[in-house]
Amino acid sequence: MSAKMRTGQTAEIPGPKKAHVIPQPKVAASLIKKAKRPLLVVGSNAPKLKTNDGDLVDSAIRFLKTGVAVVATGHLVKTFRDRGTEVYSMPFMNLGDRLTDPDWAGFDGEGPYDIVVFVGSLYYMEWLVQSGLKSFAQDLRTLSLSNTYQPNASWSMGSMPVKNWLTALDEILKELEEEK
Amino acid sequence: MSKKDLRLKIDELSSSIGVFKGLDIQIGRIVDDEWDEPMGPTPFPSIGTLRDWDRKLLERYKPFYMPLCDLCCLCTFGKCDLTGDKKGACGLTMAAQQSRIVLLACCIGASTHCAHARHMMNHLIKVYGRDHTLDIAINTNVQAPNTRLVCGIRPKTLRDLEDALDYVETQLVQLVATAHTGQEGDNIDFESKAFHAGMLDHVAMEVADACQISTLDFPKGVADAPMTEIGFGSIDTSKVVIMCIGHNVLPSVDIIDYLMENKLFEEVEVGGLCCTAHDNSRYDKRAKVLGPISWQLRYIRTGIPDVVVVDEQCLRTDIVDEAQKIGAPVIATSEKSMLGLPNRTHDPPDEIVDDLVEGRTPGVLILEPDKVGEVAVKTAFKMKPKRAGFKPLSMEKLIELAGTCRSCIKCVRACPNNLPIMDAVKAAAEGSVDALAEIQPMCVGCARCESACPQNLPLVSFLTKAADEKGMTDSFAIRVGRGAVTDVEIREVGRGIVFGEIPGIVALVGCANYPRGGLEVADIAEEFLKRRFIVVATGCAAMDLALRKDEDGLNLYEKYPGNFDAGGLLNIGSCVSNAHITGAAIKIANIFAKRPLRGNYEEIADYVYNRVGAVGIAWGAMSQKAASIASGCWRLGIPVIVGPHGAKYRRNLLGRADKEEDWMTLDGRTGEEKYVGPVPEHLFYSAETLEEAMVMTAKLSMRPNDTTKGRAVKLSHYIDLHKTYYGAMPDDLHLYVRVEADVPFTMKKEVLGIIKDKGWEEGKIGMLDPTLLDRMVRRKS
Ligand code: SF4
Ligand code: SF4
Ligand code: SF4
Chain V
2 MSAKMRTGQT
12 AEIPGPKKAH
22 VIPQPKVAAS
32 LIKKAKRPLL
42 VVGSNAPKLK
52 TNDGDLVDSA
62 IRFLKTGVAV
72 VATGHLVKTF
82 RDRGTEVYSM
92 PFMNLGDRLT
102 DPDWAGFDGE
112 GPYDIVVFVG
122 SLYYMEWLVQ
132 SGLKSFAQDL
142 RTLSLSNTYQ
152 PNASWSMGSM
162 PVKNWLTALD
172 EILKELEEEK
Chain E
129 MSKKDLRLKI
139 DELSSSIGVF
149 KGLDIQIGRI
159 VDDEWDEPMG
169 PTPFPSIGTL
179 RDWDRKLLER
189 YKPFYMPLCD
199 LCCLCTFGKC
209 DLTGDKKGAC
219 GLTMAAQQSR
229 IVLLACCIGA
239 STHCAHARHM
249 MNHLIKVYGR
259 DHTLDIAINT
269 NVQAPNTRLV
279 CGIRPKTLRD
289 LEDALDYVET
299 QLVQLVATAH
309 TGQEGDNIDF
319 ESKAFHAGML
329 DHVAMEVADA
339 CQISTLDFPK
349 GVADAPMTEI
359 GFGSIDTSKV
369 VIMCIGHNVL
379 PSVDIIDYLM
389 ENKLFEEVEV
399 GGLCCTAHDN
409 SRYDKRAKVL
419 GPISWQLRYI
429 RTGIPDVVVV
439 DEQCLRTDIV
449 DEAQKIGAPV
459 IATSEKSMLG
469 LPNRTHDPPD
479 EIVDDLVEGR
489 TPGVLILEPD
499 KVGEVAVKTA
509 FKMKPKRAGF
519 KPLSMEKLIE
529 LAGTCRSCIK
539 CVRACPNNLP
549 IMDAVKAAAE
559 GSVDALAEIQ
569 PMCVGCARCE
579 SACPQNLPLV
589 SFLTKAADEK
599 GMTDSFAIRV
609 GRGAVTDVEI
619 REVGRGIVFG
629 EIPGIVALVG
639 CANYPRGGLE
649 VADIAEEFLK
659 RRFIVVATGC
669 AAMDLALRKD
679 EDGLNLYEKY
689 PGNFDAGGLL
699 NIGSCVSNAH
709 ITGAAIKIAN
719 IFAKRPLRGN
729 YEEIADYVYN
739 RVGAVGIAWG
749 AMSQKAASIA
759 SGCWRLGIPV
769 IVGPHGAKYR
779 RNLLGRADKE
789 EDWMTLDGRT
799 GEEKYVGPVP
809 EHLFYSAETL
819 EEAMVMTAKL
829 SMRPNDTTKG
839 RAVKLSHYID
849 LHKTYYGAMP
859 DDLHLYVRVE
869 ADVPFTMKKE
879 VLGIIKDKGW
889 EEGKIGMLDP
899 TLLDRMVRRK
909 S
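Keeping their order, the protein sequence lines are chains V and E. Here the first sequence is numbered in the working numbering, starting from 2 and rising by one per residue. Here the second sequence is numbered in the working numbering, starting from 129 and rising by one per residue.
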């Protein structure tokens with residue numbers, strides 16, 4: 002198995018169906034761009050993860066500005082609020098559960114999301130929620146943007162050093178911003 | 129129980145068969161015909177008896193499965209890939225497989241408590257006799273409420289408890305059988321069976337604690353149980369040190385008795401880890417509580433223990449290797465964990481001591497508790513001088529070893545919390561152990577990092593040494609486990625709880641697999657104590673909440689009283705004492721509301737679910753026992769929150785607040801079905817952060833039966849916590865405000881403005897005599 006598919010925790014290995022590794026940041030950007038209703042899920046580790054924008058919360062705010070709906074899990078919404086930005090808020094477990102319901106019309110009631118993008122979650126919790134989605138929301142496409150491979154997503158960034166990840170994240174955002 | 133007894137009982141039963149025919153068929157047990165409370169509908173329920181009740185709950189709280197593994201490998205047809213809508217060779221779906229694993233976990237948990245209870249019972253009967261009278265709590269008539277509720281018997285002697293245990297054992301065999309290939313296929317039926325295992329577990333735990341409280345003279349439900357000490361600093365290392373690990377107190381009791389009989393207690397420290405520590409200190413407050421289960425390796429690595437005595441459950445299975453590294457012999461005392469050691473049960477004590485002291489064997493197995501005391505104490509005294517030369521890891525050695533790190537990051541990837549050990553080791557190589565010391569409180573002591581390290585660096589010892597350098601070796605006060613909540617206490621607070629004026633009961637239970645260290649438990653406890661909730665605690669959680677002092681040098685046990693009332697902090701006791709927490713909820717229904725208890729599970733669960741604002745929090749839940757304890761709470765209608773690692777139990781039971789149709793409830797007065805709002809919203813829920821858990825706890829304490837005053841109190845806590853941790857008003861208040869009077873007075877204008885914008889109207893959410901049971905509707909009866 003390639004180094005890119007090395008999981009963030011040793012024992013959280015892939016099952017028979019595993020995430021495709023995103024070969025280039027622009028592929029991730031194009032997946033998001035092509036989606037009609039993308040949703041970005043930002044986990045509670047986000048303020049601890051430094052990025053070129055400040056931290057992952059700041060980067061998530063950039064995503065929001067490109068038109069991607071953003072939901073904060075845990076109690077992370079407070080950090081967004083403290084920075085003057087309103088995003089959706091839902092516990093990670095509830096969110097996973099709702100996403101398995103094809104009739105759930107999303108936070109705005111406009112219809113189901115067609116791609117769900119994950120950043121900033123506890124590695125093992127993201128692993129688990131995506132495992133639930135892999136089996137119980139088979140039509141939903143999921144994309145993990147962590148710097149460690151998440152095998153249960155539909156697509157995941159490969160494991161990479163932090164500095165490469167920062168560049169990749171920036172490239173994805175630039176692509177989305179250009180589109181706008 | 130001997131066969132003779134069983135046969136006799138069957139004969140007795142046949143003489144009264146006209147009265148107890150149903151029982152005859154179900155379990156073949158005699159019943160207490162002096163008890164004037166009539167038998168309820170479901171004594172000794174079998175697997176399917178309470179299925180309808182379970183399904184009512186499971187329709188509201190649907191499982192959200194998160195497979196930890198996509199495969200099933202339980203039979204030779206496998207491995208079968210069950211991903212998505214694939215099925216196994218036996219036809220099994222992924223949902224069924226996940227729920228099957230949940231069931232198996234709950235069966236393992238319940239069996240563990242049941243086996244523990246059986247072991248104690250057999251021994252205590254030998255010592256005290258079958259007719260020994262139960263005396264569980266002061267000021268209490270309703271002793272053993274779980275057993276009364278589930279079995280329909282009123283235990284008065286050890287013999288009666290045996291009947292309950294026979295039942296639990298029989299049912300557990302039935303449950304495990306359903307997990308065989310080609311048996312149960314429906315996930316909701318598996319879930320219902322897991323509930324059954326959980327309910328049985330609470331009976332087993334109750335039996336275990338009832339028999340030890342009654343015979344060993346533990347505190348009997350007293351608010352002012354004695355204080356002892358907890359923490360590394362509680363041990364005087366100049367004394368001989370015996371370390372007892374596990375959950376079964378019998379071997380440790382013998383150690384304490386031997387010390388007392390021989391007037392040696394002053395020269396010896398008996399320090400316990402995990403529930404054995406709780407129960408040792410309930411037996412004699414001079415026994416010290418070293419800490420929660422996650423500290424066992426850490427404590428051994430200090431090199432302080434002269435002898436390690438292990439009984440059962442949650443031990444490190446490599447304990448013999450670890451003890452050998454510090455030259456301390458191990459005494460194993462349970463058939464459940466014999467650890468490959470030679471069985472010396474029938475040898476003369478002095479011979480065994482000699483072999484241990486001379487190192488002819490790294491340890492021994494002694495299955496007779498009455499021999500453990502003498503062997504452990506004599507060995508410890510002889511080992512103390514022999515071990516005087518033992519030197520734990522020095523700072524110089526630590527720094528030298530740290531220099532050999534290859535930066536492979538395997539330690540970080542192996543760590544369940546992804547702690548930044550590699551960077552800390554690299555800093556240590558440069559001479560600073562600050563980063564290691566910072567990691568230590570968040571470390572769960574699992575040593576997976578060490579196992580992964582290609583350089584074989586003793587990373588747990590690194591962390592321990594670094595923390596030691598920084599003086600993290602304090603001692604703290606802990607009130608010893610008090611046992612059950614008394615009837616008198618229930619009478620006094622029942623009303624406040626049922627009408628919601630006491631905002632809720634928060635039960636901090638479970639193990640020490642914390643995402644960010646054990647002090648988070650103290651944070652939760654303090655938050656809710658300040659808010660005048662009743663906080664009850666057991667097991668590792670009851671220890672961890674003791675481990676912080678305020679600026680005046682006081683910890684929570686010193687600041688809050690131990691009675692079951694608003695703002696009380698109760699150390700209930702060890703894992704098996706968890707039965708007293710469900711027992712208290714059951715007693716509220718029985719004593720305060722006068723609902724019949726005997727064999728009347730559904731009605732009582734319906735009452736607890738709709739009226740008693742209790743929430744369990746197992747922030748570091750790790751074990752299968754924690755799974756079955758939680759499961760027993762679910763069936764009784766008590767929601768449970770676990771920490772992020774708890775998501776690895778593979779599923780949550782989540783309500784859908786957005787689906788009005790899910791929350792229709794009968795009015796017991798009229799039979800009319802009304803919407804009551806999503807209360808409580810979830811039955812089993814993994815929170816990602818502590819702050820999320822606290823807000824959710826306040827929310828889950830609401831019940832349909834709250835009075836307006838009670839709902840206002842609960843909402844004020846929910847709103848206040850939400851504002852603090854989420855930085856804004858909750859956006860779902862329109863689901864919880866039933867009438868204007870529900871809104872906390874000081875927030876009236878603001879809240880009414882918000883909810884009216886959401887289309888809220890008074891009266892849409894029903895205030896009724898809530899029940900999920902058709903038969904509880906009075907006009908029909
Ligand atoms: S029990 Fe069923 S799913 Fe599991 S390995 Fe056997 S055939 Fe496959
Ligand atoms: S012992 Fe501590 S640092 Fe090592 S893997 Fe376990 S939790 Fe992580
Ligand atoms: S596993 Fe060992 S060698 Fe590798 S980074 Fe961690 S401490 Fe260093």
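Quick reminder that beta carbons are idealized off the backbone N, C-alpha and C, glycines included.
Your pair Val637 (chain E) and Ala665 (chain E) checks out as a contact, with CB atoms roughly 7 angstroms apart and the cut at 8 angstroms.
According to the DSSP assignment, His708 (chain E) belongs to the alpha helix (DSSP H) that extends over 706-715.
Remark: C-beta atoms of Leu392 (chain E) and Val505 (chain E) approach each other more closely than 8 angstroms. Cβ neighbours of Ile618 (chain E) within its own chain (closer than 7 angstroms, five residues either side excluded): Ala712, Lys715, Ile716, Ile719, Phe720.
The C-alpha of Asp734 (chain E) is placed about 11 angstroms away from the C-alpha of Pro832 (chain E). By the Cβ rule, the region 645-655 of chain E counts as touching the region 811-829 of chain E, because three or more pairs are nearer than 8 angstroms. A check of alpha carbon separations from Met550 (chain E) across E:Leu196, E:Arg739, E:Ser522, E:Cys577 identifies E:Cys577 as the nearest.
Under the three-state reduction of DSSP, Trp888 (chain E) is assigned to coil, being neither helix nor strand. Per DSSP, Pro15 (chain V) lies in no beta strand (DSSP E) segment and is marked neither H nor E. Under the three-state reduction of DSSP, Ser31 (chain V) is assigned to helix.
Every alpha helix (DSSP H) of 4 residues or more that sits fully in the region 631-692 of chain E is shown, in chain order, as 647-658, 667-672, 684-687.
Of the candidates E:Ala223, E:Glu597, E:Tyr685, the residue whose Cα lies closest to the Cα of Ile358 (chain E) is E:Tyr685. Segment contact: the region 290-307 of chain E against the region 739-746 of chain E, fewer than three CB-CB distances shorter than 8 angstroms; contact not assigned.
Assignment of alpha helix (DSSP H) within the region 32-87 of chain V, counting only whole runs of 4 or more residues, yields 57-66, 78-83 in chain order. Near chain V, meaning a CB-to-CB distance below 8 angstroms, the residues of the region 186-218 of chain E are Lys190, Phe192, Tyr193, Met194, Pro195, Leu196, Cys197, Asp198, Leu199, Asp209, Leu210, Thr211, Gly212, Asp213. A buried status is given to Gly216 (chain E), since no fewer than 16 other beta-carbon atoms sit within 10 Å of its beta-carbon. Assignment of Cys203 (chain E) by DSSP, reduced to helix, strand and coil, places it in the coil class. The beta-carbon of Tyr846 (chain E) is placed no less than 8 angstroms from the nearest beta-carbon of chain V. Put simply, the backbone Cα of Leu202 (chain E) is about 12 angstroms away from that of Asp209 (chain E).
Distances taken from the Cβ of Arg142 (chain V) to the heavy atoms of ligand 2 include none shorter than 7 angstroms. For Asp795 (chain E), the enclosing beta strand (DSSP E) has its first and last residue at 792-795.
Partner residues in the beta bridge of Val743 (chain E), as assigned by DSSP, are E:Val634.
Going by C-alpha positions, Met523 (chain E) is about 16 angstroms away from Gln568 (chain E).
Rounded to whole angstroms, the gap between the alpha carbons of Arg659 (chain E) and Thr143 (chain V) is 41 angstroms. At least one CB of chain V lies nearer than 8 angstroms to the CB of Asn780 (chain E).
About 7 angstroms separates the beta carbons of Pro173 (chain E) and Val278 (chain E), which is inside the 8 angstroms limit, making them a contact pair. Closest in C-alpha terms to Thr798 (chain E), from the list E:Asp902, E:Pro643, E:Leu387, E:Ala669, comes E:Asp902.
Taking the C-beta atoms as reference points, Val540 (chain E) is found no nearer than 8 angstroms to Tyr642 (chain E).
Here the alpha carbons of Thr836 (chain E) and Tyr803 (chain E) stand approximately 17 angstroms from one another. Around the beta-carbon of Thr874 (chain E), fewer than 16 other beta-carbon atoms lie within 10 Å, marking it exposed.
Beta-bridge annotation (DSSP): Lys416 (chain E) is paired with E:Gly399.
The beta carbon of Lys5 (chain V) sits no closer than 8 angstroms to any beta carbon of chain E.
At the C-beta level, Tyr688 (chain E) and Leu697 (chain E) come within 8 angstroms of one another. Ile281 (chain E) and Gly727 (chain E) have their C-alpha atoms some 8 angstroms from each other. Taking Gly645 (chain E) as reference, the option from E:Ile383, E:Val608, E:Gly881, E:Ala749 with the minimal CA-CA separation is E:Ala749. When DSSP states are grouped into helix, strand and coil, Ile373 (chain E) belongs to the strand group.
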